[in-house]
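*Asks:*
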Amino acid sequence: MPIRTLLIAIVALCASSLAMAADYYVDITNRTGYTIFYMYVSPGNSKSWEEDVLGSDVLMNTDTHRVNLTGYTNPYFDIRLVDEDNDSYTFWNVDVSTQDIIVTLDHLD
Numbered sequence: 001m002p003i004r005t006l007l008i009a010i011v012a013l014c015a016s017s018l019a020m021a022a023d024y025y026v027d028i029t030n031r032t033g034y035t036i037f038y039m040y041v042s043p044g045n046s047k048s049w050e051e052d053v054l055g056s057d058v059l060m061n062t063d064t065h066r067v068n069l070t071g072y073t074n075p076y077f078d079i080r081l082v083d084e085d086n087d088s089y090t091f092w093n094v095d096v097s098t099q100d101i102i103v104t105l106d107h108l109d
């Protein structure tokens, strides 16, 4: 009986470690020719945008900003950028574990 209990505990531990949160990041490079004022990053399954991750900062043309994403169990995120003219650039279902973003005017919504 103790071996069965031990096996159940090992299986439960393995299953819980698979569901544990991970830390991700995405580097976003601005190549639009405009200054980015707002940057929203939300989990891919979210129905709304989270807070602006730039805060009081801006992302100047040719600059790169790293967004750290901690405590998530899934690497898929939606990303929306808004520039100085209030134009938006939206990237859906980005796998941040394998992709970074280079935003250009081709990505204009």
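All letters in the sequence shown, in the order written, are residues 1 to 109 by the numbering used here.
Cβ coordinates follow ideal geometry from the N, Cα and C atoms, glycine included.
Alpha carbon to alpha carbon, what distance is there between residue 96 and residue 24?
*Replies:* Their Cα atoms are separated by approximately 7 Å.
*Asks:* I believe residue 31 touches residue 62 by the beta-carbon criterion, under 8 Å. Please report the beta-carbon distance rounded to the nearest angstrom.
*Replies:* Rounded, the Cβ-Cβ distance is 7 Å, consistent with contact.
*Asks:* Using only alpha-carbon positions, find the residue among 36, 37 and 45 that is nearest to residue 94.
*Replies:* With distances taken between Cα atoms, residue 94 lies closest to 45.
*Asks:* Can you tell me whether residue 83 is buried or exposed? The criterion is at least 16 other CB atoms within 10 Å of its CB, across all chains shown.
*Replies:* It is buried - the Cβ of residue 83 has at least 16 other Cβ atoms within 10 Å.
*Asks:* Distance check for residue 86 and residue 99, CA to CA, integer angstroms please.
*Replies:* Distance between the alpha carbons of residue 99 and residue 86 is about 25 Å.
*Asks:* Let's see if you can read the secondary structure: which residues bound the beta strand (DSSP E) around residue 22?
*Replies:* 22 to 30 is the span of the beta strand (DSSP E), which, as asked, contains residue 22.
*Asks:* Please state whether DSSP places residue 54 in a helix, a strand or coil.
*Replies:* Reduced to three states, the DSSP call for residue 54 is coil.
*Asks:* Beta strand (DSSP E) containing residue 39: first to last residue?
*Replies:* Note, residue 39: beta strand (DSSP E), 36 to 43.
*Asks:* How is the beta strand (DSSP E) around residue 69 delimited, first residue to last?
*Replies:* Where residue 69 is concerned, the enclosing beta strand (DSSP E) stretches over 64 to 72.
*Asks:* Based on Cα-Cα distance, which residue from 106, 64, 34 and 26 lies nearest to residue 41?
*Replies:* Comparing Cα positions, the closest option is 26.
*Asks:* For residue 100, does the three-state DSSP call read helix, strand or coil?
*Replies:* Coil.
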